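Protein chains in written order, with this note's numbering: chain Z, 188 to 656; chain B, 188 to 656.
For each residue, glycine too, the CB sits at the ideal point set by N, CA and C.
These figures come from a predicted structure and were not determined experimentally.
2 protein chains.
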Amino acid sequence: MAKAPVLTPRADDFPRWYQDLVGKAELADNGPVRGTMVVRPYGYGLWERMQQELDARIKAAGAQNAYFPLFIPQYLTKEAEHVEGFAPELAVVTHGGGKELEEPVVVRPTSETIVNDYFSKWVQSYRDLPLLINQWANVVRWELRPRVFLRTTEFLWQEGHTAHATFEDAREYAARIHREVYADFLENVLAMDAVPGRKTVRERFAGAINTLTLEGMMGDGKALQLTTSHELGQNFAKAFETRYLSKDGREEYVWQTSWGSTTRMVGALVMMHGDDHGLRVPPRLAPVQVVVLAVKGDDAVLDTVRGIGDRLKAAGLRVHVDDRTDTPFGRRAVDWELKGVPVRVEVGPRDVENGTAVLVRRVPGSKEPTPIGALPEILPSVLEDDQALLLAQSRQRRHDRTVEVTTVEEAAEAARTGWARIAWDTLGVEGEARLAEQGVTVRCLVAEDGSVPESDDQPGNIAVVARAY
Amino acid sequence: MAKAPVLTPRADDFPRWYQDLVGKAELADNGPVRGTMVVRPYGYGLWERMQQELDARIKAAGAQNAYFPLFIPQYLTKEAEHVEGFAPELAVVTHGGGKELEEPVVVRPTSETIVNDYFSKWVQSYRDLPLLINQWANVVRWELRPRVFLRTTEFLWQEGHTAHATFEDAREYAARIHREVYADFLENVLAMDAVPGRKTVRERFAGAINTLTLEGMMGDGKALQLTTSHELGQNFAKAFETRYLSKDGREEYVWQTSWGSTTRMVGALVMMHGDDHGLRVPPRLAPVQVVVLAVKGDDAVLDTVRGIGDRLKAAGLRVHVDDRTDTPFGRRAVDWELKGVPVRVEVGPRDVENGTAVLVRRVPGSKEPTPIGALPEILPSVLEDDQALLLAQSRQRRHDRTVEVTTVEEAAEAARTGWARIAWDTLGVEGEARLAEQGVTVRCLVAEDGSVPESDDQPGNIAVVARAY
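This is the structure in structure tokens:
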């Protein structure tokens, strides 16, 4: 009798596979209020590691963390385009402390407005610039078609907000965050292939003059927007009177950026790297890089796994020792596979006699006996190899499933199974609108050489089009 | 002409001194919605360091981080005493996504109810216990008399929630968190004298069967509750049907704990260690332990301060180099003093010639020339000495301002300027009620030997009474 698969196979039903995996790997549950989620310890451990890696990069780029309030008074909702963009998604508090409020307050969907209310007080002189702030927070955008991690009414994120003396300085900082924080993190920690590009006017953040994005291809060929960095121009500065006294004594409006990344990246991790057996976590991200499993509960085995655990921790790896032998070994092995821990070291009574352990690598799916004494030396390079392999596989997928097309019809057809690249001159805003009617969007514009275009109408721009989450 | 003080002197007006300090040291601003706050980068840096130190201790105690939703449906508000306790402080969302909600949702004031909704699903067998969860989050309690950090409508905190198989295990875990996480952190990182004790029934958390507290004496002799750890008994387990199958096959309700610490500790830091010149940050907490200041902007000075900065960083210290010589030196020195950075190393042109720097220690207030080459070696022990001095000063204050009394009248009188200790047998719940009419509360019960009593009526219990924030 063939074993029933633990997860719905991806080829049968990708969305159901995703839901199965998120539930069975204990990443998250749906919350009681529709569209909210409960992030379980293993899922939150992934997010904590993302936070650590991003936070270090954000600080290296000179920004400091702060915290702005959850509640925004309605009188602060200025900057017309921004307010209009977010109005349909707002949650509103009308009662507090047992009374109806004189003025209802909005639960932040993002913090540009409240941040500018304070920037306009804190910024006086050119000496106060650049002002580089980041916050880690929850935000709420009422979601009509929720999907756990990908689109949730409440999500966790970091949002950066900066003010600069000149257009050029703001532009360079948005690009720096895009490159040194986000692109570097996605490639070198999450092992994700991601295309850096520029959003079209239609897809831009409400209130921005330019949005930079990193777009990833998921396992089903759809696109997911991974991170965004916005140039806000002087739109918020003018709405909030955020001005500074320049070196030559003139009052000038500041130039601003904002940029964010969210718990959606946990969903991206699943859809980018998961397979029919579960998640595959990139070793550099993994909260647990190596799990050492006792096959049975006899003393020699338990002593051995604990000893291996200690030596691997001493070698600087993130290690978990699974000695819960009151649960059958097979069930625990399947569970660690589902959770995508990069390496399993399995030790049974016969292994102890032989001085070996079975080394199971989640990414290539290999399984071979290995001398216990050699583990501390070989595992670091095994993990680096598997990190590289995940990145290579995600690159390969995009290359295999992206086609060059020359008409709107071909682009729509290609987007059924992957991505299409089409000259922006050919597509244009009208072609973009026609694709949108079929649920296909321009994910971003890229230059011929793969760089990020300086403008929408830069000659040679290519539109990357796809269906998207 | 005498210099005007930067802050209102504490002796003149303690609450105004506190507000002055919080604003001028750039810790926080009031938010636009009454009772909310904007935590500025320097204030947030203090909170981040608190988070790091607490998080490491929480993980060492075996708990894992997770995240539960901000919004709680009203049907989940079970456990009568708990619901009644929090009802007057709730914020309610009635509109979402442009529509009135069919059922309004509550913004979490704490998460016992929503956590139990999931614990009741996750816990099946004794093998699932203990279940040890913590979350870092924002919560909202509508505040009628807000004061920044101390009582705010929204605040940041960690809240732990655990489920255990037995009463004893839950009791021991609440005590372990109280001792190994909170007491250890307050004493060894925040350099705060804090009295560990047990809350009376009147002062207990709504829904708990026992609350452990750590109470600190502020600079004005009032008390502040710093952290709490609750035994919840089976109150929530029964309201939410959180049960497990025991080893011998019986369905049993779990025993629970919850425990929390908040951004209020930033306020405590100010009121515990601040003086008329500003904050004094304990070196082990300080985001910046040493600031190296260039007195003037000539090349030799700038080279020297940068070199000192590099060598002190290499010695493992948290260092900031202040080379913003376009701002007058005096103003910067006052600013670092206000911010309470433990050590300033000041370097002017003459110092460079002499190979010395002026070493200014914030805690003892000393100032002396020191050979530059000796700094990396002496500063670590200077910082440890000043850490110890802060703790000793806070202990001394409590000893000096606590009196032993034998009547309710004497207790009320003593609470005008400090704390009183009175036998709980003498005071009793009636005496407690009489004190409460005068704004004086029992902060906690302690045993004669200073340990935490096992029960309210343990013979020899002493009530510590005070006015409190």
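Which term fits residue i, buried or exposed, when burial requires 16 or more other beta carbons within 10 angstroms of its beta carbon?
| i | result |
| --- | --- |
| Arg603 (chain Z) | exposed |
| Met188 (chain Z) | With a pLDDT of only 47 at Met188 (chain Z), under 50, the local geometry of the prediction cannot be trusted, and the value read off the model is given with reservation. With fewer than 16 Cβ atoms within 10 Å of its Cβ, Met188 (chain Z) is classed as exposed. |
| Glu299 (chain B) | buried |
| Ala250 (chain Z) | buried |
| Asn541 (chain B) | exposed |
| His586 (chain Z) | exposed |
| Ser445 (chain Z) | buried |
| Gly465 (chain Z) | buried |
| Gln583 (chain B) | exposed |
| Tyr262 (chain B) | exposed |
| Pro640 (chain B) | buried |
| Ser581 (chain Z) | buried |
| Lys409 (chain Z) | buried |
| Thr491 (chain Z) | buried |
| Arg314 (chain Z) | exposed |
| Leu658 (chain Z) | No answer is possible for residue 658 (chain Z): it lies beyond the span of chain Z, which begins at 188 and ends at 656. |
| Gln311 (chain B) | exposed |
Report the option in the options whose CA atom is closest to the CA atom of residue i.
| i | options | result |
| --- | --- | --- |
| Gly222 (chain B) | B:Val475, B:Ala278 and B:Glu571 | B:Ala278 |
| Leu316 (chain B) | Z:Val629, Z:Gly615, Z:Arg511 and Z:Gly637 | Z:Arg511 |
| Phe354 (chain B) | B:Asn397, B:Pro474 and B:Ala378 | B:Asn397 |
| Gly484 (chain Z) | Z:Pro515, Z:Ala502, Z:Arg295 and Z:Gly461 | Z:Pro515 |
| Gln625 (chain B) | B:Ser638, B:Asp643, B:Glu597 and B:Glu635 | B:Glu597 |
| Val388 (chain B) | B:Thr450, B:Gly615 and B:Val592 | B:Gly615 |
| Leu472 (chain B) | B:Glu524, B:Gly552, B:His351 and B:Gln574 | B:Gln574 |
| Gly283 (chain B) | Z:Pro275, Z:Trp523, Z:Tyr229 and Z:Arg430 | Z:Pro275 |
| Tyr231 (chain Z) | Z:Met452, Z:Val293, Z:Pro296 and Z:Ser416 | Z:Met452 |
| Trp657 (chain B) | B:Pro296, B:Met379 and B:Gly447 | What is shown of chain B runs 188 to 656, which leaves residue 657 (chain B) out entirely. |
| Leu318 (chain B) | B:Trp309, B:His417 and B:Asp509 | B:Trp309 |
| Ala357 (chain Z) | Z:Asn422, Z:Leu337, Z:Leu401 and Z:Tyr305 | Z:Asn422 |
| Ala247 (chain B) | B:Val368, B:Arg608 and B:Ala352 | B:Val368 |
| Leu377 (chain B) | B:Met459, B:Ala267, B:Pro567 and B:Asp643 | B:Met459 |
| Val220 (chain B) | Z:Val280, Z:Gly218 and Z:Leu632 | Z:Val280 |
| Ala395 (chain Z) | Z:Ala381, Z:Asp407, Z:Ala410 and Z:Ala361 | Z:Ala361 |
| Gly454 (chain Z) | Z:Leu577, Z:Thr264, Z:Gly403 and Z:Cys631 | Z:Gly403 |
| Met379 (chain B) | B:Leu399, B:Gly406 and B:Arg391 | B:Gly406 |
| Pro196 (chain B) | B:Gly461, B:Val335 and B:Glu635 | B:Gly461 |
| Asn217 (chain B) | Z:Asn252, Z:Asp304, Z:Leu241 and Z:Pro296 | Z:Asp304 |
| Gly605 (chain B) | B:Ala599, B:Arg588 and B:Glu617 | B:Arg588 |
| Leu288 (chain B) | Z:Trp329, Z:Asn321 and Z:Val270 | Z:Trp329 |
| Glu393 (chain Z) | Z:Thr557, Z:Ser433, Z:Leu194 and Z:Leu419 | Residue identity check: residue 393 (chain Z) is Ala in the sequence provided, not Glu. Measuring from the Cα of Ala393 (chain Z), the nearest candidate turns out to be Z:Leu419. |
| Ile320 (chain Z) | B:Gln322, B:Ala487 and B:Val226 | B:Val226 |
Under the DSSP definition of a beta bridge, which residues are partnered with residue i?
| i | result |
| --- | --- |
| Gly420 (chain Z) | Z:Gln443 |
| Tyr642 (chain Z) | Strictly speaking, residue 642 (chain Z) in this sequence is Ser, with Tyr absent from that position. Answer is none; Ser642 (chain Z) lacks a bridge partner. |
| Leu546 (chain Z) | Z:Val532 and Z:Glu555 |
| Asp315 (chain Z) | Bridge partners of Asp315 (chain Z): none, in fact. |
| Gly465 (chain B) | B:Asp462 |
| Glu346 (chain B) | B:Gln322 and B:Gly447 |
| Gln261 (chain Z) | In DSSP, Gln261 (chain Z) forms no bridge with anything. |
Handout entry: Members of the region 257-286 of chain Z near chain B, C-beta cut-off 9 Å
Key = Leu257, Phe258, Ile259, Pro260, Tyr262, Leu263, Ala274, Pro275, Glu276, Leu277, Ala278, Val279, Val280, Thr281, His282, Gly283, Gly284, Gly285 and Lys286
Problem - Where the region 204-226 of chain Z meets chain B: residues whose CB sits under 8 Å from a CB there - result: Asp216, Gly218, Pro219, Val220, Thr223, Met224, Val225 and Val226
Exercise for the section: Can you give me, in chain order, the residues of the region 495-523 of chain Z that have a beta carbon less than 9 Å from any beta carbon in chain B? Expected result: Arg511, Asp513 and Thr514
Handout entry: Segment contact flag, the region 414-428 of chain B with the region 480-494 of chain B, C-beta cutoff 8 Å, min 3 pairs
Key = no
Problem - Contact list for the region 328-341 of chain Z against chain B, Cβ threshold 7 Å - result: Trp329, Leu331 and Glu341
Handout entry: Contacting positions in the region 243-254 of chain Z - beta carbon closer than 7 Å to chain B
Key = Gln251, Asn252, Ala253 and Tyr254
Handout entry: Meets three-Cβ-pair contact criterion under 8 Å: the region 286-303 of chain Z and the region 254-271 of chain Z
Key = yes
Exercise for the section: Please determine if the region 605-620 of chain B and the region 644-654 of chain B are in contact, where contact requires at least 3 C-beta pairs separated by less than 8 Å. Expected result: yes
Handout entry: Chain-ordered residues of the region 353-366 of chain Z with a beta carbon less than 8 Å from chain B
Key = none
Exercise for the section: Determine contact between the region 371-386 of chain B and the region 408-419 of chain B, defined as no fewer than three beta-carbon pairs at a distance below 8 Å. Expected result: yes
Problem - Validate contact between the region 378-392 of chain Z and the region 331-345 of chain Z using beta carbons, cut 8 Å, 3 pairs - result: no
Problem - Three or more C-beta pairs below 8 Å linking the region 496-506 of chain Z and the region 559-566 of chain Z - result: yes
Handout entry: Residues within the region 418-451 of chain B neighbouring chain Z, beta-carbon criterion of under 7 Å
Key = none
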